[in-house]
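Asker: So the sequence shown is numbered by this note's numbering: it starts at 44 and just counts up by one. The structure is given below, and queries will be raised subsequently.
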Amino acid sequence: MKILVTGGLGFIGSHTVVALIEKGYEVLIIDNLSNSSLSVLEGITRITSVTPHFTKLDIRDKIVLREYFEKHNDINGIIHFAASKAVGESVENPLLYYENNINSLVYLMQELKQLEHQNFIFSSSCTVYGQAEKLPVSEDAPVQPAESPYGNTKQIGEEIIRDTTQISPGMKAIALRYFNPIGAHPTTEIGELPIGVPQNLIPFITQTAIGKREKLSVFGNDYPTEDGTCIRDYIHVVDLAEAHVVALERLINSKNKTAFEVFNLGTGQGNSVLEVIQCFEKVTGQELAWEFADRREGDVVAAYAETTKANQDLGWKTKYTLADALKSAWQWELKLKNQNNS
Numbered sequence: 044m045k046i047l048v049t050g051g052l053g054f055i056g057s058h059t060v061v062a063l064i065e066k067g068y069e070v071l072i073i074d075n076l077s078n079s080s081l082s083v084l085e086g087i088t089r090i091t092s093v094t095p096h097f098t099k100l101d102i103r104d105k106i107v108l109r110e111y112f113e114k115h116n117d118i119n120g121i122i123h124f125a126a127s128k129a130v131g132e133s134v135e136n137p138l139l140y141y142e143n144n145i146n147s148l149v150y151l152m153q154e155l156k157q158l159e160h161q162n163f164i165f166s167s168s169c170t171v172y173g174q175a176e177k178l179p180v181s182e183d184a185p186v187q188p189a190e191s192p193y194g195n196t197k198q199i200g201e202e203i204i205r206d207t208t209q210i211s212p213g214m215k216a217i218a219l220r221y222f223n224p225i226g227a228h229p230t231t232e233i234g235e236l237p238i239g240v241p242q243n244l245i246p247f248i249t250q251t252a253i254g255k256r257e258k259l260s261v262f263g264n265d266y267p268t269e270d271g272t273c274i275r276d277y278i279h280v281v282d283l284a285e286a287h288v289v290a291l292e293r294l295i296n297s298k299n300k301t302a303f304e305v306f307n308l309g310t311g312q313g314n315s316v317l318e319v320i321q322c323f324e325k326v327t328g329q330e331l332a333w334e335f336a337d338r339r340e341g342d343v344v345a346a347y348a349e350t351t352k353a354n355q356d357l358g359w360k361t362k363y364t365l366a367d368a369l370k371s372a373w374q375w376e377l378k379l380k381n382q383n384n385s
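Dropping the structure here:
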């Protein structure tokens, strides 16, 4: 079966491509390389001994996208990652996020409607819950007003997919609401590769520990949590990637209960920023330079997943711990340093 992965050279996309190939799927990748690198394709090949078909393509270009689907009209499913994803940046540049995350989704779904096999996995986010009233957050939790334009694009994206599946016989879709993906592949051939200053906690931690950054800023120490810092549910990216394959197979095998389903993907365990720092120092032996900074606009206090639905309906559970994920992220950072030195 032929599966298209948009944003397939990104952090989560590349790990999912590996998981798909390992399950025997033929994978097509499109990526505009705005936040990724062709070197990731080489890493995928080293892990799997397969080089997926790659096309550099910006799915905001409707005409080019249509031409692509005319050539590849035998796709059995689409996993859609391609999107901008930094909360802080979205607050500063909302129009970029609406153009990149919404327009591209609409164009992609217009092409999906023309396919014989209309199976669609959407890379969504726990940001759709805003600051949830109850923790852990279940899929039944009300979708709150978004705390950031990024979160809003995920809410709107889900609504677009829900509306489209309702009037499209044969179209099946699952939105996977991630919590906080971290870590790297155990081979250290692929991992998180932020361009410029990292917008996410873990690459900023590893870059600070390796000496690329002078100091880690911990945004806010006055949140209503035990240590005053934000709480998140950190999930190993390999666990997350495997969930995409399971979700895709649910659609391919028509095991879905409705045309559009949503699942939380997390560990069910919340950790504060300070707990993450302490765990990183413990598993790596590195002492981290950090300081408190002002709160960052768009951040919620706490978010961690109720995972029962994913565990029972998808038959998927996480295998890796926070310590596993942080250790793999550090090994990836060390490899990047060795590559740069050589």
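All C-beta atoms in this analysis are idealised placements derived from N, C-alpha and C, irrespective of residue type, glycine included.
(1) Does the contact criterion of 3 or more C-beta pairs under 8 angstroms hold for the stretch 226-238 versus the stretch 66-74?
(2) Going by DSSP, what residue range makes up the beta strand (DSSP E) through residue 195?
(3) In the DSSP assignment, find the beta strand (DSSP E) that holds residue 161 and state where it starts and stops.
(4) Given a threshold of 16 other Cβ atoms within 10 Å of its Cβ, counted over all protein chains shown, does residue 336 qualify as buried or as exposed?
(5) So, for residue 142: in the same chain, excluding its five sequence neighbours on each side, which residues have a beta-carbon less than 8 angstroms away from its beta-carbon?
(6) List the residues that DSSP assigns as beta-bridge partners of residue 97.
(7) By Cβ distance below 8 angstroms, which residues in the same chain neighbour residue 366 in space, the five residues on each side in sequence not counted?
(8) Can you tell me whether residue 206 is buried or exposed? The criterion is at least 16 other CB atoms within 10 Å of its CB, across all chains shown.
(9) Considering Cα atoms alone, identify which of 116, 270, 125 is closest to residue 156.
(10) Kindly indicate which residue of 73, 131, 255, 96 has the alpha-carbon position closest to the one of residue 122.
(11) Between residue 63 and residue 84, is the Cβ-Cβ spacing less than 8 angstroms?
(12) With 16 other CB atoms within 10 Å as the buried threshold, where does residue 114 fall?
(13) Figure out for me which residue from 108, 317, 376, 80 has the closest Cα to the Cα of residue 229.
(14) So, residue 387 versus residue 166, is the Cβ gap smaller than 8 angstroms?
(15) Would you say the stretch 351-371 touches the stretch 137-154, given that touching needs at least three Cβ pairs under 8 angstroms?
(16) Report the partner residues of residue 121 according to the DSSP bridge assignment.
(17) Going straight from the alpha carbon of residue 312 to that of residue 284, what length do you get?
(18) Considering only residues of the same chain and omitting the five flanking positions on each side of residue 94, which have a CB-CB separation below 8 angstroms?
(19) For residue 279, name the three-state secondary structure that DSSP assigns.
(20) Which one of 130, 219, 44 has the shortest CA to CA distance from residue 164?
(21) Tell me which residue opens and which closes the alpha helix (DSSP H) that residue 303 is part of.
(22) Is the distance from the Cβ of residue 77 to the Cβ of residue 134 below 8 angstroms?
(23) In the DSSP assignment, find the unbroken beta strand (DSSP E) run with residue 221 in it and report its ends.
(24) Return yes when the Cβ of residue 173 is within less than 8 angstroms of the Cβ of residue 288, no when it is not.
(25) Determine the direct distance from the alpha carbon of residue 224 to that of residue 385, and round the result to whole angstroms.
Answerer: Walking through what the data contain:
(1) Segments in contact, no.
(2) It is not in any beta strand (DSSP E) - residue 195 instead sits in the alpha helix (DSSP H) that spans 192-209.
(3) From DSSP, the beta strand (DSSP E) with residue 161 extends over 161-168.
(4) Exposed is the call here.
(5) The residues are 103.
(6) According to the DSSP secondary-structure assignment, residue 97 is paired through a beta bridge with 72.
(7) A distance below 8 angstroms between beta-carbons, with the five flanking residues on each side excluded, links residue 366 to the following residues of its chain, in chain order: 322, 325, 326.
(8) Per the 10 Å Cβ criterion, exposed.
(9) Of the listed residues, the one whose Cα sits closest to residue 156 is 116.
(10) Selected option, being the one with the closest Cα: 73.
(11) Not in contact: residue 63 and residue 84 (Cβ atoms no closer than 8 angstroms).
(12) Burial call: exposed.
(13) Checked all of 108, 317, 376, 80; the closest Cα to residue 229 is 376.
(14) Residue numbering for the chain in the displayed model covers 44 to 385; residue 387 lies beyond these limits and cannot be assessed.
(15) Between the stretch 351-371 and the stretch 137-154, the count of C-beta pairs closer than 8 angstroms stays below three; the two stretches do not touch.
(16) DSSP output for residue 121 lists 47, 163 as bridge partner(s).
(17) Distance between the alpha carbons of residue 312 and residue 284 is about 19 angstroms.
(18) Same-chain partners within the cutoff: 84, 87, 88.
(19) Three-state result, residue 279: strand.
(20) Out of 130, 219, 44, 219 has the C-alpha closest to the C-alpha of residue 164.
(21) Unbroken run through residue 303 is the beta strand (DSSP E), 303-308; no alpha helix (DSSP H).
(22) Taking 8 angstroms as the Cβ cut-off, residue 77 and residue 134 do not qualify as a contacting pair.
(23) Start and end: 214-221.
(24) For the pair residue 288 and residue 173, the CB atoms are not nearer than the 8 angstroms cut-off.
(25) Take the alpha-carbon of residue 385 and the one of residue 224: they are about 29 angstroms apart.
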